[in-house]
Amino acid sequence: MSELNLEMVNEDPNPVKKKHNARVEIDGELCKECLLCIEVCAPDVLKVSESLNKMGYHPVEYIGDGCTGCGVCFYVCPEPGVIRVFKKNKVA
Amino acid sequence: MAKDILEKPESFYKVFERKSGSNKLTSHYCPGCGHGVIHKLIAEAMDEFGIGNRSVFISPVGCSVFAYYYFDCGNIQAPHGRAPAVATGVKRALPDSIVVSYQGDGDLAGIGGNEILHAANRGENITVFFVNNAIYGMTGSQMAPTTLIGQKTTTTPYGRSVKNEGYPIKVCELLSSLEAPVYLERVAITDAKNVMKARKAIRKGLQNQVEGKGFSLIEILSPCPTGWGVKPVEAKKWVEEVLAKNFQLGVIKDKTAEAVPEVIEQKKFTSEEISKILGASKNGSDFLYDKPDVKTNYQNPRIKISGFGGQGILFLGQLLSQSAMRSGYHTTWLPSYGPEMRGGTANCHVIISNNRIGSPLVTETDVLFAMNLPSLDKFENDVRKDGLILVNSSLINRNVKRNDVEVLYVPATELADEVGNTKATNLVMLGAYAAKSKIFSHDCVLFTANETVKRKEFLKVNEEAFRKGMEYVLNNKQKENKEYDSVIFN
Amino acid sequence: MKLFLKGNEAVISGAILAGCKAYYGYPITPASEIAETAAKYFPLVGGTFLQAESEIGAINMCYGAASTGQRVMTASSGPGLSLKQEGISYAAGSELPIVIVDIMRGGPGLGNIAPEQSDYNQMVKGGGHGNYKLIVLAPNCVQEMCDLAILAFELADKYRNPVAILTDGFIGQMMEPVELPKPVENIPAKNWKVGGDAETKKNLISSIYLDFDELEEHNIKLQTKYMKVEESEVRFEEIHTEDAEIILIGYGIVARILQSVIEEARAEGIKAGLLRPISLFPFPKKKINQLANKAKLFFVCEMSNGQMVDDVRLALNGKKPVKFYGRMGGVVPTTQEILNKLRVLDASLQNEDSFADQLTDSYLKI
Ligand SMILES: Cc1ncc(C[n+]2csc(CCOP(=O)(O)OP(=O)(O)O)c2C)c(N)n1
Ligand code: SF4
Ligand code: SF4
Ligand code: SF4
Ligand SMILES: [Mg+2]
Numbered sequence: 001m002s003e004l005n006l007e008m009v010n011e012d013p014n015p016v017k018k019k020h021n022a023r024v025e026i027d028g029e030l031c032k033e034c035l036l037c038i039e040v041c042a043p044d045v046l047k048v049s050e051s052l053n054k055m056g057y058h059p060v061e062y063i064g065d066g067c068t069g070c071g072v073c074f075y076v077c078p079e080p081g082v083i084r085v086f087k088k089n090k091v092a
Numbered sequence: 093m094a095k096d097i098l099e100k101p102e103s104f105y106k107v108f109e110r111k112s113g114s115n116k117l118t119s120h121y122c123p124g125c126g127h128g129v130i131h132k133l134i135a136e137a138m139d140e141f142g143i144g145n146r147s148v149f150i151s152p153v154g155c156s157v158f159a160y161y162y163f164d165c166g167n168i169q170a171p172h173g174r175a176p177a178v179a180t181g182v183k184r185a186l187p188d189s190i191v192v193s194y195q196g197d198g199d200l201a202g203i204g205g206n207e208i209l210h211a212a213n214r215g216e217n218i219t220v221f222f223v224n225n226a227i228y229g230m231t232g233s234q235m236a237p238t239t240l241i242g243q244k245t246t247t248t249p250y251g252r253s254v255k256n257e258g259y260p261i262k263v264c265e266l267l268s269s270l271e272a273p274v275y276l277e278r279v280a281i282t283d284a285k286n287v288m289k290a291r292k293a294i295r296k297g298l299q300n301q302v303e304g305k306g307f308s309l310i311e312i313l314s315p316c317p318t319g320w321g322v323k324p325v326e327a328k329k330w331v332e333e334v335l336a337k338n339f340q341l342g343v344i345k346d347k348t349a350e351a352v353p354e355v356i357e358q359k360k361f362t363s364e365e366i367s368k369i370l371g372a373s374k375n376g377s378d379f380l381y382d383k384p385d386v387k388t389n390y391q392n393p394r395i396k397i398s399g400f401g402g403q404g405i406l407f408l409g410q411l412l413s414q415s416a417m418r419s420g421y422h423t424t425w426l427p428s429y430g431p432e433m434r435g436g437t438a439n440c441h442v443i444i445s446n447n448r449i450g451s452p453l454v455t456e457t458d459v460l461f462a463m464n465l466p467s468l469d470k471f472e473n474d475v476r477k478d479g480l481i482l483v484n485s486s487l488i489n490r491n492v493k494r495n496d497v498e499v500l501y502v503p504a505t506e507l508a509d510e511v512g513n514t515k516a517t518n519l520v521m522l523g524a525y526a527a528k529s530k531i532f533s534h535d536c537v538l539f540t541a542n543e544t545v546k547r548k549e550f551l552k553v554n555e556e557a558f559r560k561g562m563e564y565v566l567n568n569k570q571k572e573n574k575e576y577d578s579v580i581f582n
Numbered sequence: 583m584k585l586f587l588k589g590n591e592a593v594i595s596g597a598i599l600a601g602c603k604a605y606y607g608y609p610i611t612p613a614s615e616i617a618e619t620a621a622k623y624f625p626l627v628g629g630t631f632l633q634a635e636s637e638i639g640a641i642n643m644c645y646g647a648a649s650t651g652q653r654v655m656t657a658s659s660g661p662g663l664s665l666k667q668e669g670i671s672y673a674a675g676s677e678l679p680i681v682i683v684d685i686m687r688g689g690p691g692l693g694n695i696a697p698e699q700s701d702y703n704q705m706v707k708g709g710g711h712g713n714y715k716l717i718v719l720a721p722n723c724v725q726e727m728c729d730l731a732i733l734a735f736e737l738a739d740k741y742r743n744p745v746a747i748l749t750d751g752f753i754g755q756m757m758e759p760v761e762l763p764k765p766v767e768n769i770p771a772k773n774w775k776v777g778g779d780a781e782t783k784k785n786l787i788s789s790i791y792l793d794f795d796e797l798e799e800h801n802i803k804l805q806t807k808y809m810k811v812e813e814s815e816v817r818f819e820e821i822h823t824e825d826a827e828i829i830l831i832g833y834g835i836v837a838r839i840l841q842s843v844i845e846e847a848r849a850e851g852i853k854a855g856l857l858r859p860i861s862l863f864p865f866p867k868k869k870i871n872q873l874a875n876k877a878k879l880f881f882v883c884e885m886s887n888g889q890m891v892d893d894v895r896l897a898l899n900g901k902k903p904v905k906f907y908g909r910m911g912g913v914v915p916t917t918q919e920i921l922n923k924l925r926v927l928d929a930s931l932q933n934e935d936s937f938a939d940q941l942t943d944s945y946l947k948i
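Protein chains in written order, with my numbering: chain A, 1 to 92; chain B, 93 to 582; chain C, 583 to 948.
(1) From residue 828 of chain C to residue 873 of chain C, what does the alpha carbon distance come to, in whole angstroms?
(2) Within 10 angstroms of the Cβ of residue 454 of chain B, are there 16 or more other Cβ atoms? Answer buried if so, exposed if not.
(3) Are any of the Cβ atoms in chain B nearer than 8 Å to that of residue 638 of chain C?
(4) Output the distance between the C-alpha atoms of residue 438 of chain B and residue 662 of chain C, rounded to the nearest integer angstrom.
(5) May I have the straight-line CA-CA distance separating residue 511 of chain B from residue 540 of chain B, to the nearest angstrom?
(6) What are the start and end residues of each continuous beta strand (DSSP E) run of 3 or more residues lying completely inside the region 191-267 of chain B, in chain order?
(7) In the DSSP assignment, what are the bridge partners of residue 883 of chain C?
(8) Hey, is residue 372 of chain B close to ligand 5, as in C-beta under 7 Å from one of its heavy atoms?
(9) With hydrogens ignored, establish whether the beta-carbon of residue 229 of chain B is closer than 7 Å to any heavy atom of ligand 4.
(10) Taking Cβ-Cβ distances below 9 Å as the criterion, which residues of the region 395-417 of chain B are in contact with chain C?
(11) Kindly examine ligand 4 and report whether one of its heavy atoms sits closer than 7 Å to the Cβ of residue 591 of chain B.
(12) Could you tell me the boundaries of the alpha helix (DSSP H) in which residue 510 of chain B lies?
(13) Closer than 9 Å by beta-carbon distance: list the chain B residues that pair up with residue 917 of chain C, in chain order.
(14) Is residue 236 of chain B a contact residue of ligand 5, with contact defined as CB to any heavy atom under 7 Å?
(15) Could you work out which residue in B:190, B:170, B:180 is closest to residue 676 of chain C when comparing CA atoms only?
(16) If you follow the alpha helix (DSSP H) that residue 471 of chain B is in, where does it begin and where does it stop?
(17) Terminal residues of the continuous alpha helix (DSSP H) containing residue 535 of chain B?
(18) Answer yes or no: do residue 668 of chain C and residue 717 of chain C have a C-beta to C-beta separation smaller than 8 Å?
(19) At a CB-CB cut-off below 7 Å, which residues of chain F make contact with residue 202 of chain B?
(20) Among residues of its own chain, excluding the 5 on either side of residue 77 of chain A, which ones have a beta-carbon nearer than 7 Å to its beta-carbon?
(21) Shorter than 7 Å, the distance from the beta carbon of residue 739 of chain C to the closest heavy atom of ligand 5, or not?
(22) Within the continuous alpha helix (DSSP H) that includes residue 675 of chain C, where are the two ends?
(23) Hey, residue 728 of chain C and residue 760 of chain C are a contact pair by Cβ (cut 8 Å); roughly how many whole angstroms apart?
(24) In the region 44-68 of chain A, which residues sit with their C-beta less than 9 Å from some C-beta in chain B, listed in chain order?
(25) Compare the C-alpha of residue 361 of chain B against each of B:353, B:354, B:103, B:370 and name the closest.
(26) Relative to the C-alpha of residue 641 of chain C, which residue among C:630, C:655, C:650, C:651 is closest?
(27) Check whether the Cβ of residue 20 of chain A sits closer than 7 Å to any heavy atom of ligand 4, and report yes or no.
(28) Distance, Cα to Cα, residue 337 of chain B vs residue 329 of chain B?
(29) Residue 704 of chain C: which of C:910, C:895, C:908, C:889 sits nearest, CA to CA?
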């Protein structure tokens with residue numbers, strides 16, 4: 001496997017403005033609100049939802065636009081199955 | 093090959109069935125816990141190498157005790173600190189498997205310090221993931237061997253002090269002084285960049301094992317927000333700003349390039365081969381020598397052989413016993429063992445009997461081999477009435493005090509010298525006893541000696557010594573007197 | 583064909599014949615020859631010998647190897663066994679077949695290296711933490727060191743339980759003729775193992791049951807297993823018990839001495855018989871109880887402060903008097919010494935002067 005993600009982290013100093021064909025999916029029921037993903041998302045496209053999940057956390061959600069598909073949120077998220085990053089905007 | 097979708101690695105179970113409670117899709121870890129991130133990186137690497145089927149994951153005791161909830165591979169839960177020993181047992185049994193020892197700092201650097209040190213030193217071809225969070229997470233934030241100076245924990249409420257608890261242990265540096273480890277790197281779970289470095293190191297650690305290169309350990313500085321009593325984001329920062337300043341990040345040792353993969357071949361053995369290796373099918377030794385007719389007084393002897401170390405006392409006993417065995421007797425041989433032997437005296441007990449033998453201990457003695465004076469002094473009185481004492485008269489310059497026993501004075505050491513080896517004194521005595529008691533045939537003794545003596549150059553000397561002893565008795569008929577008190581000292 | 587072997591060698595012959603493929607151990611007198619013999623033979627038969635960093639390392643290597651389904655063993659003596667107890671408890675909890683040899687020496691602490699039987703409690707009653715038992719076999723001759731080693735591996739696999747071979751420095755150190763049996767051909771398949779392959783990757787070796795009910799259930803399963811063992815695996819030897827008024831009970835080297843005692847006692851007209859437990863767990867409770875229908879007195883001898891005697895008393899539950907004679911520190915009682923004791927007991931029985939009752943039930947030395 002390439003070092004793709006490592007490169008991506010350094011990729012774009014101002015990524016928001018660029019149009020990216022990517023998105024992120026977050027299963028709010030599995031999120032523990034540690035906020036590590038929000039911290040690392042360069043285009044700042046993740047936010048805390050107002051609703052509560054069954055575990056009693058306010059899950060993080062995607063604002064719906066602007067994800068670069070960098071994958072960083074996926075790697076810093078301690079939970080195995082909350083985040084899915086689609087680098088190209090395909091429906092899985 | 094870049095993946096288009098980043099999602100839960102396949103080496104994780106789809107549903108965590110082993111986890112208790114209803115939520116079987118999330119981990120049991122606290123929010124922001126480094127263990128979760130590390131698990132994901134390991135699972136991803138397992139996917140990549142396609143090793144899920146042959147991997148064996150060893151869970152430690154610590155917060156990651158339940159790692160077996162998650163990894164879709166063979167799982168073993170190990171006692172606290174012992175994972176490297178367990179891993180050793182697994183890897184030696186299954187050289188083709190990929191064995192992961194996953195351990196916390198208490199587990200690896202505290203209670204399991206010895207196990208990791210020696211697994212590393214043996215260069216076991218395993219991969220160790222060492223999660224250093226500078227605390228005992230599971231038991232409620234007590235001090236770990238890696239806790240920093242001044243760091244407050246529940247067992248260092250005023251902060252760790254050098255004076256009381258010593259310095260934090262730097263495991264990678266410690267292990268790097270060993271010859272065997274192939275790859276030691278310290279990484280940290282902090283920002284994206286460091287996580288990616290951790291990902292790379294974890295992959296390399298597994299790859300080394302896949303390629304048979306040897307021992308790899310990746311130390312991972314990992315946030316424990318709960319144990320440190322801070323929010324996950326702050327915990328991450330603390331790793332970056334404090335922990336990583338105390339524990340230097342980067343490669344500590346890397347011999348990957350020069351490591352030569354070990355080739356392990358496993359050979360199968362047939363039943364016949366195994367029996368043969370154990371010595372159970374030596375040709376020609378199946379037959380028994382005839383038991384000669386033995387005078388009643390010499391039957392079923394309980395024998396004590398005593399002398400100083402170096403006189404071949406134990407060996408003499410073994411020859412007696414083994415000759416008895418080859419003549420179809422029941423027999424036992426019991427040594428005095430341990431420091432007693434080192435102290436200079438040695439003795440052994442031999443019983444030869446037509447019947448099944450109870451106690452192998454000889455107290456009341458039928459036959460005493462006194463190879464030196466202290467032995468005669470010590471055991472003379474244990475000999476039963478009408479028993480037999482063989483005295484090595486070369487070294488014992490007194491007569492036997494008893495007059496109710498039969499005595500055979502044999503200048504055994506001198507006779508052994510005559511055949512050119514003082515060490516053969518024991519064989520001279522054996523010859524004398526064989527001639528006297530006629531308990532087994534001479535051929536049998538020589539056959540046994542032949543079978544037993546490891547250094548074949550001694551065989552001839554032994555045989556000569558044995559014959560000397562025999563002839564000495566046979567040619568000195570006057571010794572077979574019935575009046576014990578008239579035995580002549582020579 | 584017969585070989586002339588030490589007990590400590592024969593146990594390795596037996597293990598290899600049983601298909602044992604790995605030995606992990608740490609040297610200690612008087613068990614070191616076991617490691618040395620293993621070091622010699624295991625590599626020759628394609629097995630593993632490894633001198634571990636400690637007894638803790640050794641038992642955990644066994645834990646790993648047994649997890650893979652491999653037949654594996656370790657051996658030690660008192661101080662080493664104390665260290666192994668953690669791993670043995672885990673192995674019992676995880677139901678791993680491991681064969682553990684204990685060549686008992688003098689204790690407590692470093693004690694000495696002479697033979698004792700003072701590990702009975704730690705090996706037969708559990709020894710580590712938790713509600714578990716080992717199957718414990720007690721050879722009293724070199725042939726049995728070999729034969730019971732084979733049996734130990736069979737029982738370990740059959741019951742998925744650690745099995746101990748418990749004997750003393752004398753049986754380990756002495757040499758006797760041994761007839762080696764044929765190698766075991768069919769080692770049972772273990773579908774529970776972690777074999778590093780697709781078929782077994784679903785398996786988990788663990789002693790953890792977080793839920794109270796589940797852990798209780800697991801414990802009940804273990805106890806049920808032990809009950810089955812008690813039903814099917816009791817082994818003992820009897821000598822002259824048919825008409826015996828006094829039953830002597832001892833195991834290991836003591837049983838050999840008692841055999842001599844009984845031969846001499848019979849010659850004097852004392853109606854004594856010997857019961858030798860071969861399995862210490864399961865203990866021949868029923869047999870002892872049955873013998874109590876005829877026998878008038880039980881006389882237990884041990885090289886300890888009186889450990890097995892508790893099991894005899896439990897088996898009899900007061901049905902008949904039990905006398906105990908024990909030596910410690912490596913002092914091996916002689917035939918004469920026990921015979922003297924036996925004569926006193928017999929005289930009191932014959933005179934019906936209830937003298938036997940006046941003797942202390944347990945004394946360590948005359
Ligand atoms: C023999 C033994 N002693 C003590 C414990 C209690 N205990 C469980 S986990 C643990 C410390 C674990 O700390 P660490 O290895 O750093 O793992 P972490 O929880 O921090 O990931 C201790 C002391 C135990 N289970 N077994
Ligand atoms: S992949 Fe994640 S971190 Fe990267 S931009 Fe999208 S949401 Fe943000
Ligand atoms: S990192 Fe994962 S668990 Fe944490 S807040 Fe983001 S999605 Fe939730
Ligand atoms: S206590 Fe620390 S190490 Fe344990 S799960 Fe929580 S955050 Fe992780
Ligand atoms: Mg820790």
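Ideal placement from N, C-alpha and C gives every residue a C-beta, glycine not left out.
The relevant details are as follows:
(1) Mapped onto the third sequence, residue 828 of chain C falls at position 246. Mapped onto the third sequence, residue 873 of chain C falls at position 291. Answer to the nearest angstrom: the Cα atoms are 10 Å apart.
(2) Numbered from its first residue, the second sequence carries residue 454 of chain B at position 362. Buried is the call here.
(3) Here residue 638 of chain C refers to the residue found at position 56 when the third sequence is read from its first residue. Taking Cβ atoms only, chain B reaches closer than 8 Å to residue 638 of chain C, which makes this a yes.
(4) Numbered from 1 along the second sequence, position 346 holds the residue referred to as residue 438 of chain B. Numbered from 1 along the third sequence, position 80 holds the residue referred to as residue 662 of chain C. Residue 438 of chain B and residue 662 of chain C: Cα-Cα distance of roughly 27 Å.
(5) Here residue 511 of chain B is taken as the residue at index 419 of the second sequence, counted from 1. Here residue 540 of chain B is taken as the residue at index 448 of the second sequence, counted from 1. Each residue's Cα considered, the two are about 20 Å apart.
(6) 219-224
(7) Mapped onto the third sequence, residue 883 of chain C falls at position 301. Answer is C:907, bridged to residue 883 of chain C.
(8) For the purposes of this step, residue 372 of chain B is taken as the residue at position 280 of the second sequence. Checking the Cβ of residue 372 of chain B against ligand 5 gives no.
(9) Taking the second sequence and counting its residues from 1, one reaches residue 229 of chain B at position 137. True, at least one ligand heavy atom lies under 7 Å from that Cβ.
(10) 409, 410, 413, 414, 416, 417
(11) This structure does not reach residue 591 of chain B, given that chain B is present from 93 up to 582, and the question cannot be answered.
(12) Within the second sequence, residue 510 of chain B is the residue found at index 418, counting from 1. Counting along the chain, the alpha helix (DSSP H) containing residue 510 of chain B begins and ends at 504-510.
(13) Numbered from 1 along the third sequence, position 335 holds the residue referred to as residue 917 of chain C. Residues of chain B passing the Cβ test: 450, 451, 453, 455, 456.
(14) Counting from 1 along the second sequence, the entry for residue 236 of chain B is found at position 144. Residue 236 of chain B Cβ: within cutoff of ligand 5.
(15) Locating residue 676 of chain C in the third sequence gives position 94, where the first residue counts as 1. Checked all of B:190, B:170, B:180; the closest Cα to residue 676 of chain C is B:170.
(16) Taking the second sequence and counting its residues from 1, the one referred to as residue 471 of chain B is at position 379. Residues 465-471.
(17) Here the question's residue 535 of chain B lines up with position 443 in the second sequence. It spans 534-544 - the alpha helix (DSSP H) in which residue 535 of chain B sits, taken as one unbroken run.
(18) Here the question's residue 668 of chain C lines up with position 86 in the third sequence. Here the question's residue 717 of chain C lines up with position 135 in the third sequence. The answer is no: Cβ separation not under 8 Å.
(19) The structure shown contains no chain F; its protein chains are A, B and C.
(20) Residue numbering aside, residue 77 of chain A sits at position 77 when the first sequence is read from its first letter. The answer, listed in chain order, is 36, 37, 83.
(21) Here residue 739 of chain C is taken as the residue at index 157 of the third sequence, counted from 1. It does not: the Cβ of residue 739 of chain C is nowhere closer than 7 Å to a heavy atom of ligand 5.
(22) In the third sequence, the residue the question calls residue 675 of chain C occupies position 93. Start and end: 660-675.
(23) Locating residue 728 of chain C in the third sequence gives position 146, where the first residue counts as 1. Locating residue 760 of chain C in the third sequence gives position 178, where the first residue counts as 1. Indeed they touch by this definition, with Cβ atoms about 5 Å apart.
(24) 54, 55, 57
(25) Mapped onto the second sequence, residue 361 of chain B falls at position 269. For the residues B:353, B:354, B:103, B:370, the minimum Cα distance to residue 361 of chain B belongs to B:370.
(26) On the third sequence, position 59 is the one that residue 641 of chain C refers to. For the residues C:630, C:655, C:650, C:651, the minimum Cα distance to residue 641 of chain C belongs to C:655.
(27) In the first sequence, residue 20 of chain A corresponds to position 20, counting from 1. Residue 20 of chain A: no, Cβ never under 7 Å from ligand 4.
(28) Indexing the second sequence from 1 puts residue 337 of chain B at position 245. Indexing the second sequence from 1 puts residue 329 of chain B at position 237. Cα to Cα, residue 337 of chain B sits roughly 12 Å from residue 329 of chain B.
(29) Taking the third sequence and counting its residues from 1, one reaches residue 704 of chain C at position 122. It is C:889.
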